[in-house]
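Residue numbers (full-length UniProt numbering): 1 to 160.
For every residue, glycine included, the Cβ atom is placed at its ideal position computed from N, Cα and C.
As the structure is a computational prediction, the values presented were derived from the model and not from experiment.
Right, one structure below, let's go through it.
Below is the structure:
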């Protein structure tokens with residue numbers, strides 16, 4: 001069983017994947033590794049892993065499905081995912097779209113190798129607007145003009 005947990009601290013977005021069967025934590029981080037931790041890249045994640053681990057363990061002990069969950073996830077194997085699209089400094093306008101990259105990885109988790117992750121800032125914004133307008137829970141969809149609805153239907157392949 002795997003759980004996906006997005007994590008944000010300030011403007012840094014990450015995705016943690018908990019594999020309960022294999023006792024493994026994998027993280028996806030679209031930001032680049034800073035110079036101060038090039039020798040040991042895991043140093044960049046120590047604080048995030050500690051914060052996330054404490055919150056995750058307390059949530060699991062409070063709301064777990066079998067009421068006997070008493071594992072220490074700090075003893076699990078941990079690694080960074082390979083082949084992740086990296087945010088080069090300044091490429092996404094002060095890292096404001098790395099959260100959307102994390103969302104793309106969440107939706108494509110089972111098919112990461114076959115799904116292309118959009119890294120173009122303009123493309124990310126366009127896709128975000130299209131997804132927001134085409135979302136079924138968007139209460140403003142009923143006031144969109146017919147030509148906008150047709151265009152969204154053509155782009156998304158859904159009936160809008």
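Cβ neighbours of residue 2 in the same chain (closer than 7 Å, five flanking residues each side left out): 17, 18, 19
Cut-off 6 Å between Cβ atoms - residues of its own chain near residue 209, not counting five sequence neighbours on either side: Beyond the ends of the chain as shown, which are 1 and 160, falls residue 209; an answer cannot be given.
Quick one, which of 39, 71, 124 has its alpha-carbon nearest residue 54's? 71
Quick one: is residue 109 near chain C, going by C-beta distance under 8 Å? No chain C appears in the structure shown, which is made up of a single protein chain.
Beta-carbon within less than 7 Å of residue 155's beta-carbon, same chain only, minus the 5 sequence neighbours each way: which residues are those? 130
Of the residues 78, 13, 49, the one placed nearest residue 25, counting alpha carbons only: 78
Below 8 Å between beta carbons: does that hold for residue 80 and residue 39? no
Same chain, Cβ closer than 6 Å to residue 43, five either side skipped, listed in chain order: 37
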